[in-house]
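S.K.:
4 protein chains.
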Amino acid sequence: MDLCVVPIGVGVSVSKYVVACHEILKEAGLETELHAYGTNIEGEWDEVLAAVKKCHETIHQLGAPRITTTIKLGTRIDKPQTMSEKVESVVKQMK
Amino acid sequence: MDLCVVPIGVGVSVSKYVVACHEILKEAGLETELHAYGTNIEGEWDEVLAAVKKCHETIHQLGAPRITTTIKLGTRIDKPQTMSEKVESVVKQMK
Amino acid sequence: MDLCVVPIGVGVSVSKYVVACHEILKEAGLETELHAYGTNIEGEWDEVLAAVKKCHETIHQLGAPRITTTIKLGTRIDKPQTMSEKVESVVKQMK
Amino acid sequence: MDLCVVPIGVGVSVSKYVVACHEILKEAGLETELHAYGTNIEGEWDEVLAAVKKCHETIHQLGAPRITTTIKLGTRIDKPQTMSEKVESVVKQMK
Numbered sequence: 017m018d019l020c021v022v023p024i025g026v027g028v029s030v031s032k033y034v035v036a037c038h039e040i041l042k043e044a045g046l047e048t049e050l051h052a053y054g055t056n057i058e059g060e061w062d063e064v065l066a067a068v069k070k071c072h073e074t075i076h077q078l079g080a081p082r083i084t085t086t087i088k089l090g091t092r093i094d095k096p097q098t099m100s101e102k103v104e105s106v107v108k109q110m111k
Numbered sequence: 017m018d019l020c021v022v023p024i025g026v027g028v029s030v031s032k033y034v035v036a037c038h039e040i041l042k043e044a045g046l047e048t049e050l051h052a053y054g055t056n057i058e059g060e061w062d063e064v065l066a067a068v069k070k071c072h073e074t075i076h077q078l079g080a081p082r083i084t085t086t087i088k089l090g091t092r093i094d095k096p097q098t099m100s101e102k103v104e105s106v107v108k109q110m111k
Numbered sequence: 017m018d019l020c021v022v023p024i025g026v027g028v029s030v031s032k033y034v035v036a037c038h039e040i041l042k043e044a045g046l047e048t049e050l051h052a053y054g055t056n057i058e059g060e061w062d063e064v065l066a067a068v069k070k071c072h073e074t075i076h077q078l079g080a081p082r083i084t085t086t087i088k089l090g091t092r093i094d095k096p097q098t099m100s101e102k103v104e105s106v107v108k109q110m111k
Numbered sequence: 017m018d019l020c021v022v023p024i025g026v027g028v029s030v031s032k033y034v035v036a037c038h039e040i041l042k043e044a045g046l047e048t049e050l051h052a053y054g055t056n057i058e059g060e061w062d063e064v065l066a067a068v069k070k071c072h073e074t075i076h077q078l079g080a081p082r083i084t085t086t087i088k089l090g091t092r093i094d095k096p097q098t099m100s101e102k103v104e105s106v107v108k109q110m111k
């Protein structure tokens, strides 16, 4: 999953909320990778989605009246593939 | 929520899978609105996300080895607001 | 294209900006379809993307210091397909 | 920008197309950061969007009949901010 949570109605600086979200994901024991436009998360469906729900709940508790989140979510049943394997399959084909 | 499920590895025509997905959402009793690039869904978090999970499971069962889904997911605690109210708040301000 | 423009730092009510954006798309002569979580747009690449750029410029001029936009963008070369044909191909397969 | 290009109708393995896309971005002189669910891109609007268009054209030429792309696109006029500064503003607030 690629997760990008955007609190609305709390001004332009949203890093505080991203930090809170990142801590929830870590406490959930999920593999995460922070990048400049979201966080990649690897794990089982229920664990990952439960953590995303907790992110929304926590960000509302921290004062954000409204949240809009963009998620890209990939599943595959043909083979297991980790986040780092996805990156490697691209990197090794680059010149 | 705006949901766009893309099965990968089953050719260019994906409407069969979108239909299956739409039926799952309807059976779940969720308010839905199909549009040209996804489906809007209104409902409680757990019900909506359970239906999305079932969509992935069903599409895999129908033969898609891989799925990539894009979700926009909005929550707000300042006021209740339905999908149609969101549209109306824009439409009534148009010339 | 499915376009969802979110101005940040202007409070929770963003419909004013969505309206401005919608007018730009109409003035550009693009086929549009407003829904509860964005606007679908049909047209040639350059026209559509020029309108999206103008949306960002205009929303900044209206006072939004920061904007985050989510776009789904589809192209196909196997056959022409309008937005309404995409919806119809799903609807006619529904029970 | 966060860019995730998904060719449809070419099977489950899409890394070849991601590589082609990444090379186009590099040739365009854009700052990029590959991650497990897309590529972050930093640059001026016209340069970035021209490169995305070239990605679509090239992936079609490589044989993909259909492409669906998900883009997150951020602009701000209150202060300059690079991709790495976005990440740092979060990392330095973590425990």
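Protein chains in written order, with our numbering: chain A, 17 to 111; chain B, 17 to 111; chain C, 17 to 111; chain D, 17 to 111. Even glycine gets a Cβ: it sits at the ideal position worked out from N, Cα and C.
(1) Nearest to D/C20 by alpha carbon, out of C/S105, C/T98 and C/I87?
(2) Please tell me whether D/I24 has its Cβ less than 7 Å away from any Cβ of chain B.
(3) Which of the three DSSP states, helix, strand or coil, is assigned to A/E60?
(4) Whole angstroms are fine: how far does the CA of D/G54 sit from the CA of D/S31?
(5) Provide the residue(s) that pair with A/E102 in DSSP beta bridges, ordered along the chain.
(6) Below 8 Å, can you find three or more Cβ-Cβ pairs linking the region 96–109 of chain A to the region 66–74 of chain A?
(7) Quick one: list the residues of chain C neighbouring B/C20, beta-carbon separation under 9 Å, in chain order.
(8) Run through the DSSP bridge pairs and tell me what B/S18 is partnered with.
(9) Who are the Cβ neighbours of C/T74 in its own chain at under 8 Å, not counting the five residues just before and after it?
(10) For A/P81, which residues from the same chain have a beta carbon less than 6 Å from its beta carbon, with the 5 sequence-adjacent residues on both sides left out?
(11) From the beta carbon of C/V28, is the nearest beta carbon of chain A less than 7 Å away?
(12) Can you give me, in chain order, the residues of the region 53–87 of chain B that have a beta carbon less than 8 Å from any beta carbon in chain D?
(13) Let me check understanding here. Comparing Cα to Cα, which of D/G90, D/I93, D/T91 and D/T84 lies closest to C/I93?
(14) Closer than 7 Å by beta-carbon distance: list the chain D residues that pair up with C/I40, in chain order.
(15) For chain C, find out if any of its Cβ atoms is closer than 7 Å to the Cβ of B/Q97; answer yes or no.
(16) Who does B/E49 pair with in a DSSP beta bridge?
(17) Excluding the five sequence neighbours on either side, which residues of its own chain have a C-beta within less than 7 Å of the C-beta of B/L50, listed in chain order?
(18) Work out the CA separation of B/G90 and B/D62 for me, nearest whole Å.
(19) Compare the Cα-Cα distances from C/E104 to each of B/V34, B/P23, B/E58 and B/G59 and report the closest residue.
(20) Looking at the unbroken alpha helix (DSSP H) that takes in B/A36, where does it start and where does it end?
(21) Check each candidate in C/K111, C/D18, C/S29 and C/Q77 and name the one with the smallest Cα separation from B/A52.
(22) For A/K108, count neighbouring C-beta atoms within 10 Å of its own C-beta (all shown protein chains included) and say buried if the count is 16 or more, exposed if not.
(23) Let me make sure I understand the geometry here. Which of B/E47, B/P23, B/M110 and B/E43 has the alpha-carbon closest to that of C/K111?
M.R.: Reading from the atomic positions:
(1) C/I87
(2) By this cut-off, D/I24 is an interface position.
(3) coil
(4) Taking the straight line from one Cα to the other gives about 11 Å.
(5) Reading the sequence as shown, one finds Lys at residue 102 of chain A and not Glu. Its beta-bridge partners do not exist; DSSP assigns none.
(6) no
(7) D18 and K88
(8) The question names Ser, yet the displayed sequence has Asp at residue 18 of chain B. B/N56 and B/K88, per the DSSP bridge assignment.
(9) In its chain, beyond the 5 residues on either side, A36, C37 and I40 have a beta carbon closer than 8 Å to the beta carbon of C/T74.
(10) G25
(11) yes
(12) P81, R82, T84 and T86
(13) D/T84
(14) Chain D residues near C/I40: none, gap ~15 Å exceeds 7 Å.
(15) no
(16) B/N56
(17) H38
(18) 14 Å
(19) B/V34
(20) S31 to E43
(21) Minimum Cα distance to B/A52 is reached at C/D18.
(22) exposed
(23) Relative to the Cα of C/K111, the nearest Cα in the group B/E47, B/P23, B/M110 and B/E43 belongs to B/E43.
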